[in-house]
Amino acid sequence: MKSPMTGKEMPLKIRTEVLTFRKEEFPVEYQFYYCEDSEEEFFTPEMGEVTYKQLYNAYRVKHKIPFPEEIKQIRAQYGLPANKMAEILGFGINMFRAYENGEIPNESNARLIQLASNPREFKKILSLSNVLNEKELENVLSKIDSLIKENKEHIINKEEYIMDAKYPSEYTGYKTPNLEKALNVIVFFSHLLKPWQTALNKLLFYADFGHFKVNGQSITGLSYRAVTYGIVPSSYDKLFAEASSQNLVNINYQEFENSYSIGKQYSSDDNFNSDLFSESELITLNKVVNKFSGLSVNDIVNKNHEEVAWLDHIAKHELVSYKKSFYLQHI
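Here's what the structure looks like:
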């Protein structure tokens, strides 16, 4: 970005700022362009949006307030329109839709929404309401009974087990972990790049952290850890095993004589489901492909080892906060 004062290119800088929301303070990573001649700071509307997303997301996590995608999913499981859901819960008729679109509920409304996520509890709430007609009520009660039966049969939550997390946090990129999207990202990279597993781990990292850097939220909700060969999804072994068990990828095993180890190279047919992804997410995925296409595994690992996200956490093999995305060098 050029300085409006001098016309010279300005360096991008980052510092930690403390912002206030609902009378509470939260630290955020503030990005800005610095004009060295005038000593003034400038930022784009997109940078400002990411700054405030960090603030609102931190507030949601602290107070355990559901994120918009969670709120949408709660309603979707019952097949209800937003206005009916709002009336059943005793909200203003447009309030539930507003929450789905990003407005932050107060804590009492947030707790009621979370209570409604449990089919048994929602059945009780429904019994106190006369919003639905007889046919609508019959349909919703049928869905509730199916959900209750399904929950009984699935004691272990497969998605939570594979993704190593259930709720959004700074370690999931403030995104509800989404196994289907994570598997589709693996399919995307496997089809276009045919990467070795070590490289594939880094591609996933750059996709999620690269998207967070620009949009304030990850793509998949995966959490990442710093290990010897770079940054990897914390549950990459379970994740890749699931992709293989669903026949989403093909794995070519190759023995390396010098290291006495076996490498895994991933490929896939063109069965990527783009409908799961937003425009900004698809842009990020293609950006990662263009950036790392043609690079060797060693090249990708070496670049990954230059990232603050790896350097700051490798000593203890720690989980990496998505706040480190603002310091990325290679995406």
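Following my numbering, the numbering of the sequence shown begins with 202 at its first residue and continues without gaps.
The C-beta atom is built at its ideal place from N, Cα and C for all residues, glycine as well.
- Linking S445 to K376 through their CA atoms gives a straight-line distance of about 24 Å.
- If you compare the alpha carbons of F478, V229, L449, I432 with that of Q255, the shortest gap goes to V229.
- According to DSSP, residue pairing for R216 in a beta bridge involves Y231.
- Distance between V450 and D471, taken at the CA atoms: about 10 Å.
- Separation of L327 and L316 (C-alpha to C-alpha, rounded to the nearest whole angstrom) is 12 Å.
- DSSP, reduced to helix, strand and coil, places Y454 within a strand of the structure shown.
- Separation of the CB atoms of L405 and L423 is rounded to 7 Å, and the pair is thereby assigned contact status at 8 Å.
- In the DSSP assignment, V428 falls outside any alpha helix (DSSP H) and within the unbroken beta strand (DSSP E) covering 425 to 428.
- In the DSSP annotation of this structure, the continuous segment of the beta strand (DSSP E) that includes G431 starts and ends at 431 to 434.
- Under the three-state reduction of DSSP, L520 is assigned to strand.
- Under DSSP, Q466 shares a beta bridge with W397, N453.
- Taking C-beta separations shorter than 6 Å and ignoring five residues to either side along the sequence, the partners of P369 in its chain run F268, Y375, K376, T377, following chain order.
- S481 sits exposed, since fewer than 16 C-beta atoms from the chains shown fall within 10 Å of its C-beta.
- Non-local C-beta neighbours of Q398 in its own chain, meaning closer than 6 Å and more than five positions away in sequence, comprise K465, ordered along the chain.
- Following the DSSP letters along the chain, one finds E241 inside the beta strand (DSSP E) bounded by residues 241 to 243.
- Listed in chain order, the alpha helix (DSSP H) runs fully inside the segment 327 to 396 are 335 to 354, 359 to 364, 380 to 394, counting runs of at least 4 residues.
- Contact annotation: Y523 and F410 have beta-carbon atoms nearer than 8 Å.
- Rounded to whole angstroms, the Cβ separation of E301 and Y260 is 18 Å, and the two are not in contact under 8 Å.
- If you ignore the 5 residues before and after V490, its C-beta comes within less than 6 Å of the C-beta of L393, all in its own chain and listed in chain order.
- Remark: C-beta atoms of V498 and G431 do not approach each other more closely than 8 Å.
- Residue pairing of T221 in beta bridges, as defined by DSSP: E226.
- According to the DSSP assignment, P246 belongs to the alpha helix (DSSP H) that extends over 246 to 263.
- Pairing F243 with Y234 gives a Cβ-Cβ distance under 8 Å.
- Y437: member of the alpha helix (DSSP H) spanning 437 to 446, first to last residue.
- Here K209 carries a coil assignment [DSSP, helix/strand/coil].
- By the criterion of a C-beta distance shorter than 6 Å, K382 is surrounded in its chain by T421, L477, once the five residues flanking it on both sides are discounted.
- Unbroken alpha helix (DSSP H) runs of no fewer than 4 residues, entirely contained in the segment 466 to 503, are found at 480 to 493, following chain order.
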